[in-house]
Amino acid sequence: MKQNQNLRRQPVLVGNSFPLSLVRRPVAIRPRPMEELRALLAERGAASFWGHASTLARVSAALGCDLTPDTSRPALRLNDSLLPELDGVAYDQCWVVSADFIPGYRPAVGEEVPPEKITGWQVLCVDWQEKNLV
1 MKQNQNLRRQ PVLVGNSFPL SLVRRPVAIR PRPMEELRAL LAERGAASFW
51 GHASTLARVS AALGCDLTPD TSRPALRLND SLLPELDGVA YDQCWVVSAD
101 FIPGYRPAVG EEVPPEKITG WQVLCVDWQE KNLV
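Residue numbering for the sequence shown follows my numbering, starting at 1 and increasing by one per position.
Next up, the structure:
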């Protein structure tokens with residue numbers, strides 16, 4: 001588990017979704033409180049692959065951390081250990097944050113979501129397990 005301890009000292013991998021097509025080994029997905037993610041981001045910073053410009057300003061404010069990705073349209077890939085990798089760095093944990101909108105609202109393409117349209121946030125923590133658990 002020493003590898004996992006080292007990985008957990010990195011910035012927090014966070015995005016607005018995670019492609020399940022990149023899950024190639026066991027994972028545990030758990031809902032977590034926003035406060036837990038906020039505390040981790042304050043301690044370790046973010047490695048962001050946020051893909052929705054419409055909610056970027058709002059989620060950054062809600063988490064107290066700028067989630068603007070380092071590169072335009074960042075893409076995750078899998079490394080040889082089947083862990084997600086962003087900009088050449090592997091992670092064994094990923095946080096996914098999604099906005100809850102008022103009923104019936106869906107933002108237009110390119111629209112920045114007004115704060116009154118967001119009723120809350122859902123936070124999921126995805127943890128990659130040891131490969132031999134399959």
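Glycine residues also receive a C-beta, built at the ideal position from the N, C-alpha and C atoms.
Keep in mind it's a predicted model, so treat the numbers as computed, not measured.
Residue i burial status per 10 Å Cβ neighbour count (16 or more: buried)
i      : result
Gln93  : buried
Arg9   : exposed
Lys131 : exposed
Leu20  : exposed
Nearest candidate by alpha-carbon position, reference residue i, set the options
i      : options                        : result
Glu112 : Val14, Ala57, Arg73, Pro19     : Ala57
Arg106 : Ile118, Val96, Trp95, Val97    : Ile118
Val126 : Arg9, Gln10, Val14             : Val14
Pro31  : Phe101, Val97, Val109, Ala108  : Val97
Pro11  : Glu36, Ala28, Ala46            : Ala46
Glu109 : Leu22, Glu130, Phe101, His52   : The question names Glu, but residue 109 in the sequence shown is Val. Checking every option, the nearest Cα to that of Val109 belongs to His52.
Gly120 : Trp128, Asp100, Glu130, Lys131 : Asp100
Val27  : Leu83, Pro69, Thr55            : Leu83
Ser17  : Glu130, Gln122, Gln129         : Gln122
Leu41  : Ile29, Leu67, Ser54            : Leu67
Span separating the alpha-carbon of residue i from that of residue j
i      : j      : result
Pro114 : Ser60  : 14 Å
Pro74  : Trp50  : 8 Å
Leu124 : Trp95  : 6 Å
Glu116 : Val23  : 34 Å
Leu37  : Asp70  : 19 Å
Arg136 : Gly64  : This structure leaves residue 136 out entirely; the chain is present only between 1 and 134.
Ala43  : Trp128 : It is worth fixing the name first, because residue 43 is Glu in this sequence and not Ala. So the two alpha carbons sit approximately 21 Å from each other.
Proximity test, residue i beta-carbon vs the ligand GTP heavy atom, cut-off 7 Å
i      : result
Cys125 : As far as ligands go, the structure on display features none, and thus does not contain the ligand GTP.
Beta bridge counterpart(s) of residue i as assigned by DSSP
i      : result
Asp27  : The question names Asp, but residue 27 in the sequence shown is Val. Answer by DSSP bridge pairing, in chain order: Trp128.
Cys94  : Val126
Ile102 : BP columns for Ile102 are empty, so no partner.
Val14  : Ser48, Trp95
Any C-beta of chain C under 8 Å from that of residue i
i     : result
His52 : Protein chains in the displayed structure number just one, and chain C is not present.
For residue i, the three-state DSSP class (helix, strand or coil)
i     : result
Lys2  : Confidence is the limiting factor: at Lys2 the pLDDT is only 44, short of 50, which leaves the residue's position unreliable and the question unanswerable from this model.
Glu48 : According to the sequence shown, residue 48 is Ser rather than Glu. The answer is strand: DSSP assigns Ser48 an E or B state.
Leu37 : helix
Glu85 : strand
Leu67 : coil
Arg58 : helix
Leu20 : helix
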